[in-house]
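Asks:
Number of protein chains: 2
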Amino acid sequence: MNRTDDLKKWKLAVEETMQELIESSDMPTRLRDAMSYSLEAGGKRIRPALVYAVLETYGIAIERGREVASTLEMVHTYSLIHDDLPAMDDDDLRRGRLTNHRQFDEATAILAGDALLTDAFRILSEANLPAEAIVEIIRAFGLAAGSAGMVGGQLDDMLAEKRDDVTLQELQSIHERKTGALLVYALEAGSILADVSKEDRLQLKQFGRHLGIAFQIQDDILDVIGDEQAIGKRVGSDEENEKTTYPKLLGLDGAKRALDAEVDAATFAIQSLSVQAPLLVDLLTFVVKRNY
Amino acid sequence: MNRTDDLKKWKLAVEETMQELIESSDMPTRLRDAMSYSLEAGGKRIRPALVYAVLETYGIAIERGREVASTLEMVHTYSLIHDDLPAMDDDDLRRGRLTNHRQFDEATAILAGDALLTDAFRILSEANLPAEAIVEIIRAFGLAAGSAGMVGGQLDDMLAEKRDDVTLQELQSIHERKTGALLVYALEAGSILADVSKEDRLQLKQFGRHLGIAFQIQDDILDVIGDEQAIGKRVGSDEENEKTTYPKLLGLDGAKRALDAEVDAATFAIQSLSVQAPLLVDLLTFVVKRNY
């Protein structure tokens with residue numbers, strides 16, 4: 019089976035599970051519609067894929083990651099809904115469809131995000147896993163998504179947008195929390211589910227960290243040289259918005275070299291594992307070779 | 019010790035703990051300021067008090083409820099921050115101070131709410147309790163606060179505000195989710211922490227349910243006949259906003275009779291417990307006799 023087939027299989031698995039989970043909770047129709055609308059909006063589903071890839075790497079059925087993978091995508095989705103709000107990035111479109119608050123209204127979008135976040139923790143607590151594993155996963159998830167992680171990174175990102183003297187170190191710190199933390203969590207949660215050794219868990223998290231930075235650099239590069247058709251949004255918006263990016267701080271060639279360095283570091287982490295992990299190599303390649 | 023002293027002691031305990039918990043997380047200063055601002059805004063702290071009261075009723079040190087009580091107030095606070103937003107109730111003042119988005123800005127208020135909610139689950143996962151108890155508590159919390167509980171109730175409340183044909187049954191269903199669910203959860207979490215019998219747990223939840231309805235009826239009554247000075251906000255706003263309330267549906271006397279019926283039912287639940295529970299009687303009296 020090749021990389022694209024795996025991704026498709028995992029994408030289907032997580033989309034089906036999310037649908038089931040939302041259907042099984044008793045809630046107002048409008049709330050369910052708003053939550054489903056954004057969950058169904060597609061995307062690469064890279065975070066669930068990382069969980070499933072770790073499980074398959076260690077010979078464990080991906081069903082064990084059912085709740086972890088779905089709730090990861092739910093929390094990622096809530097963050098997109100809130101980021102798109104008028105008070106935040108004020109976006110009308112995401113992946114070619116109306117954003118949640120444009121399709122419904124602002125209040126509904128805020129509540130749909132709140133519900134996705136809250137229900138995610140409830141769903142994790144209901145997973146068919148040992149209680150100790152659930153607690154460990156919820157702790158890692160909360161750290162990655164909360165004030166010290168994603169939400170803190172988002173706030174610092176907003177503050178940085180008003181400044182033109184953002185350093186490379188600050189840029190990295192923002193990305194490590196805003197997008198990196200959930201990616202590292204995907205690897206960590208996979209490690210807990212697969213009950214891997216301490217050493218492998220450390221390497222998997224290192225892999226996640228470098229993958230995350232590579233992901234962001236590639237995003238920035240695509241905004242300079244990408245194909246609008248493939249990406250599904252206008253390129254050049256970072257420069258127009260005077261956003262601090264890797265190409266802006268390092269130049270396009272410098273950004274490409276930084277990307278290569280992250281890929282090398284991520285590859286080294288994979289090679290340091292106690293097992294062969296071709297699926298993780300494939301995911302890394304997918305992230306840096308993608309044109310969308 | 020009388021009721022007022024207990025309430026003061028519990029209020030102090032939960033406020034100190036919340037402060038410690040927020041200080042101990044590494045986050046952007048502005049985010050911490052915004053979270054602290056609303057956590058420090060005061061209030062009756064009735065939810066933590068219910069947790070502590072159950073523990074004391076069963077002879078257990080209130081320290082065991084440290085995380086449960088604090089995170090309950092954190093989640094209540096996040097819900098107030100989001101409810102006050104321009105897209106929702108659009109309130110400038112709460113308890114005589116500027117609302118979060120007026121003191122900071124809308125984006126910060128949204129993120130402060132998101133962080134309070136996310137960090138609450140993380141803090142619960144770190145409690146010094148058996149993993150099974152933590153998982154059970156997180157599940158109950160998520161059910162009470164999520165799509166089937168508080169968030170769903172808030173959405174239905176918004177939809178109901180546009181209608182003038184809301185029935186008593188609908189009104190009750192909205193309140194049971196929007197405010198009641200977290201109150202029932204306070205009793206349920208206390209029951210789990212105190213490891214009470216199944217029968218007592220059921221009675222405690224019944225008590226919470228009737229207390230919650232009584233709380234809401236008293237709120238509605240105070241908006242008709244309350245003292246503005248004591249409440250800290252203008253009375254009569256429900257009628258102006260053409261809001262469906264208990265006095266509107268039942269008349270003032272009818273609402274008072276409904277309140278009495280809820281108090282009787284709550285009292286009956288307390289009397290059905292295997293232990294004497296004067297603290298719960300006191301809290302019930304406080305809720306229905308309060309003038310703010």
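Just so you know, the sequences run in chain order A and B. Each residue of the first sequence is one higher than the one before, starting from 19 at the first, in our numbering. Each residue of the second sequence is one higher than the one before, starting from 19 at the first, in our numbering. Where a beta carbon is used, it is the ideal one built from N, C-alpha and C, also for glycine.
#1: Figure out for me which residue from A:L49, A:S54, A:A158 has the closest Cα to the Cα of A:Q37.
#2: Once DSSP output is grouped into helix, strand and coil, what is the label at A:P291?
#3: In this structure, how does DSSP classify A:M19 when only helix, strand and coil are distinguished?
#4: In chain order, what residues of the region 36-60 of chain A put their CB closer than 9 Å to some CB of chain B?
#5: Chain A partners of B:Q172, CB-CB under 8 Å?
#6: Would B:D110 and B:L116 qualify as a contact pair, given that the criterion is a beta-carbon distance under 9 Å?
#7: Looking at chain B, is there any beta carbon in it that lies within less than 9 Å of the beta carbon of A:L211?
#8: Identify each residue in the region 112-143 of chain A for which the Cβ-Cβ distance to at least one residue of chain B is less than 9 Å, and report them in chain order.
#9: What does B:I152 reach in chain A if we use C-beta pairs closer than 7 Å?
#10: Cβ closer than 9 Å: which chain A residues qualify as neighbours of B:I156?
#11: First and last residue of the alpha helix (DSSP H) that includes A:D110?
#12: Identify which residue in B:V305, B:Q121, B:A158, B:L205 has its Cα closest to the Cα of A:D137.
#13: Report back the beta-carbon spacing between B:A13 and B:L49 to the nearest angstrom; my notes put them in contact at under 8 Å.
#14: Is A:M19 buried or exposed, if buried means 16 or more other CB atoms sit within 10 Å of its CB?
#15: Taking the Cβ atom as the reference point for each residue, do B:L302 and B:A284 lie within a distance shorter than 9 Å?
#16: Flag B:G160 as yes if its beta-carbon sits less than 9 Å from any beta-carbon of chain A, otherwise no.
#17: I want to verify the contact list: residues of chain A whose CB lies under 8 Å from the CB of B:V184, in sequence order.
#18: Quick check on B:L103 - is its C-beta less than 9 Å from some C-beta in chain A?
#19: In the DSSP output, what is A:R63 paired with across the bridge?
#20: Find the nearest neighbour of B:I128 within the set A:F304, A:N259, A:G164, A:E150, judged by alpha-carbon distance.
#21: Please classify B:R120: does DSSP put it in a helix, a strand, or coil?
#22: Can you tell me whether B:R65 is buried or exposed? The criterion is at least 16 other CB atoms within 10 Å of its CB, across all chains shown.
#23: Excluding the five sequence neighbours on either side, which residues of its own chain have a C-beta within less than 7 Å of the C-beta of B:A97, listed in chain order?
#24: Would you say the region 76-94 of chain A touches the region 23-41 of chain A, given that touching needs at least three Cβ pairs under 8 Å?
#25: Taking beta-carbon pairs under 9 Å, can you tell me which members of the region 200-230 of chain A lie near chain B?
#26: According to DSSP, is A:R115 helix, strand or coil?
#27: Could you list the residues in the region 289-304 of chain B with a C-beta less than 9 Å from some C-beta on chain A, going in chain order?
#28: Please tell me whether A:L10 has its Cβ less than 9 Å away from any Cβ of chain B.
#29: Whole angstroms is fine: what's the gap from A:Q247's alpha carbon to A:R120's?
#30: How would you call A:I80, buried or exposed, if buried means at least 16 neighbouring beta carbons within 10 angstroms?
#31: Which one of A:D213, A:E34, A:M176, A:D183 has the shortest CA to CA distance from A:D108?
#32: Would you give the residue range spanned by the alpha helix (DSSP H) that A:P296 belongs to?
#33: Return no unless some Cβ of chain A is closer than 9 Å to the Cβ of B:V169.
#34: So, at 7 Å on beta carbons, what are the nonlocal neighbours of A:R252 in its own chain, with the 5 sequence-adjacent residues on each side left out?
Replies: Quick answer:
#1: The shortest C-alpha separation from A:Q37 is found at A:S54.
#2: Position check: residue 291 of chain A holds Leu in this sequence, whereas Pro was assumed. Judged by DSSP in its simplified three-state form, A:L291 adopts coil rather than helix or strand.
#3: Residue placement at A:M19 is poorly supported in this model, since its pLDDT is 44, which falls under 50; the coordinates still yield a value, given next. A:M19: coil per DSSP, three-state reduction.
#4: Cβ contacts with chain B: I40, S43, D44, M45, P46, R48, L49, R50, A52, M53.
#5: What B:Q172 touches in chain A: L129.
#6: By the CB criterion at 9 Å, B:D110 and B:L116 fall inside the cutoff.
#7: Taking a beta-carbon distance threshold of 9 Å, A:L211 does not count as an interface residue toward chain B.
#8: Residues of the region 112-143 of chain A with a Cβ closer than 9 Å to any Cβ of chain B, in chain order: H119, D123, E124, A125, T126, A127, I128, L129, A130, G131, D132, A133, L134, L135, T136, D137, A138, F139, R140, I141, L142, S143.
#9: V153, listed in chain order.
#10: Taking the beta carbon of B:I156 as reference, the chain A residues within 9 Å of it are F139, R140, L142, S143, I152, V153, I156, listed in sequence order.
#11: No alpha helix (DSSP H) holds A:D110; DSSP gives it neither H nor E.
#12: Taking A:D137 as reference, the option from B:V305, B:Q121, B:A158, B:L205 with the minimal CA-CA separation is B:A158.
#13: Because chain B is modelled from 19 through 310, residue 13 of chain B falls outside the range shown and cannot be assessed.
#14: Unreliable placement is indicated for A:M19, whose pLDDT of 44 sits below 50; no coordinate value is reported for it.
#15: Yes; because the gap between Cβ atoms is below 9 Å, this pair is in contact.
#16: Yes, its Cβ sits closer than 9 Å to a Cβ of chain A.
#17: Using a Cβ-Cβ cut-off of 8 Å, B:V184 is close to nothing in chain A; its nearest Cβ partner there is about 14 Å away.
#18: Chain A contact via Cβ: present.
#19: Its beta-bridge partners do not exist; DSSP assigns none.
#20: For the set A:F304, A:N259, A:G164, A:E150, the Cα lying nearest the Cα of B:I128 is the one of A:G164.
#21: Helix at B:R120.
#22: Counting the other CB atoms within 10 Å of its CB gives B:R65 a total of 16 or more, which places it among the buried residues.
#23: Sequence check: residue 97 of chain B is Ser here, not Ala. Hits under 7 Å: M168.
#24: Counting Cβ pairs under 8 Å, three or more are found: they touch.
#25: Against chain B - using a Cβ distance shorter than 9 Å - the region 200-230 of chain A contributes no residues.
#26: Strand.
#27: Correct list: empty, as no residue qualifies.
#28: With chain A covering only 19 through 310, there is no way to say anything about residue 10 of chain A.
#29: Linking A:Q247 to A:R120 through their CA atoms gives a straight-line distance of about 23 Å.
#30: Residue burial annotation: A:I80 is buried, with at least 16 other C-beta atoms found within 10 angstroms of its C-beta.
#31: Nearest C-alpha to A:D108: A:M176.
#32: In the DSSP assignment, A:P296 falls within the alpha helix (DSSP H) that extends over 296-307.
#33: Judged by the 9 Å Cβ criterion, B:V169 is in contact with chain A.
#34: Result list for A:R252: E246, in chain order.
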